[in-house]
Amino acid sequence: MQKITMIKVATMLVLSLAFTTAATAQSLKITHGQDRTAARGPESAYTGVGIAEFMFRNGAESSMTMAEISFEPGSRTVWHNHPAGQYLIITSGVGWVQAKGEKKRVVKAGDVVWTPPGVFHWHGATSRQQMKHLAVWEFVNGSGGEVGQHVTDEEYNSPAAAE
Ligand code: MN
């Protein structure tokens, strides 16, 4: 009985030492807003003006990417998907999101949208309001997703689902 307790204590000591070493091996890294560049998204990925500012990108630190995207009224992404899904956190304005085969949905500040892996969708402002959201998604094998067709005006102006 006592032997087991001693083994437990020894194991805990080794584990705590390992965690201490891991914690001191790397330090915090802070980036600053004034060092970032916001840029208009390419026409291959947007209809209209979508300004993207990346907080962090898939790379050496992590496979996660996060950007704040500001959509002018009428602007939206093209149809696209993400290999590990995507969270959208609406921070201002009113927008529309739509998954392939479903009606578009109205989103407002405070709403959080989960787009499941592989599901084609688009996100953007409404035709009369601006919309801003944070987007968080993960890369898989170097890919953040597949890009499809532009959202036609007919698709964009289709009726929204009842809330
Ligand atoms: Mn998306």
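Start counting the sequence shown at 4; every next residue gets the next number (the working numbering). The beta-carbon is built from N, C-alpha and C at its ideal position, and this holds for glycine as well. Just so it is clear, the structure is predicted and the values come from calculations on it, not from any experiment.
Proximal residues to residue i (C-beta, below 7 Å), its chain only, five neighbours per side dropped
i      : result
TYR159 : ARG79
PRO167 : Residue 167 is absent from the model: the chain starts at 4 and stops at 166.
LEU18  : Bear in mind that a pLDDT of 49 at LEU18, under 50, signals an unreliable position, so the model cannot answer this.
Among the options, the one whose alpha carbon lies nearest that of residue i
i      : options                     : result
SER95  : VAL115, GLU46, PRO86, HIS83 : VAL115
ILE33  : ALA41, ALA63, MET58         : MET58
SER131 : GLU75, GLU64, SER161        : Checking the displayed sequence, the identity of residue 131 turns out to be Arg instead of Ser. If we check each option's Cα against that of ARG131, GLU75 comes out closest.
PRO162 : GLY113, GLN101, HIS83       : GLN101
LYS106 : ALA28, ALA42, ALA164        : ALA164
GLU64  : GLY98, ALA41, GLN29         : GLN29
GLY145 : ALA48, ALA41, ALA42, GLY62  : GLY62
Anticipated Cβ contact below 8 Å, residue i with residue j, distance rounded
i      : j      : result
GLY147 : PHE123 : Wrong, their Cβ atoms sit about 14 Å apart, outside the cutoff.
GLN89  : THR129 : Not really, about 20 Å apart at Cβ, beyond 8 Å.
GLY44  : GLY36  : About 19 Å separates the two Cβ atoms, so there is no contact after all.
Range covered by the alpha helix (DSSP H) that runs through residue i
i      : result
GLU158 : 156-159
Test item: CB-CB of residue i and residue j under 8 Å
i      : j      : result
LYS111 : SER73  : no
ILE92  : LEU31  : no
VAL143 : ALA87  : yes
HIS153 : VAL81  : yes
SER66  : GLU149 : no
VAL109 : GLU157 : no
GLY77  : GLY104 : no
Nonlocal neighbours in the same chain, by C-beta distance under 6 Å from residue i, ignoring five residues either side
i     : result
ARG60 : THR68
ARG39 : GLU56
Limits of the unbroken beta strand (DSSP E) element including residue i
i      : result
ARG131 : Element bounds for ARG131: n/a, residue is neither H nor E.
LYS111 : 108-111
THR68  : 67-74
VAL97  : 89-102
VAL115 : 115-118
GLY53  : 53-59
Own chain residues within Cβ distance below 8 Å of residue i, not counting five before or after
i     : result
LEU16 : Only weak support exists for where LEU16 lies, its pLDDT of 47 falling under 50; the value from the coordinates is given anyway. Closer than 8 Å at the Cβ level, and outside the excluded window around LEU16, lies no residue.
HIS83 : ALA48, PHE123, HIS124, TRP125, GLY148, GLU149, VAL150, GLY151
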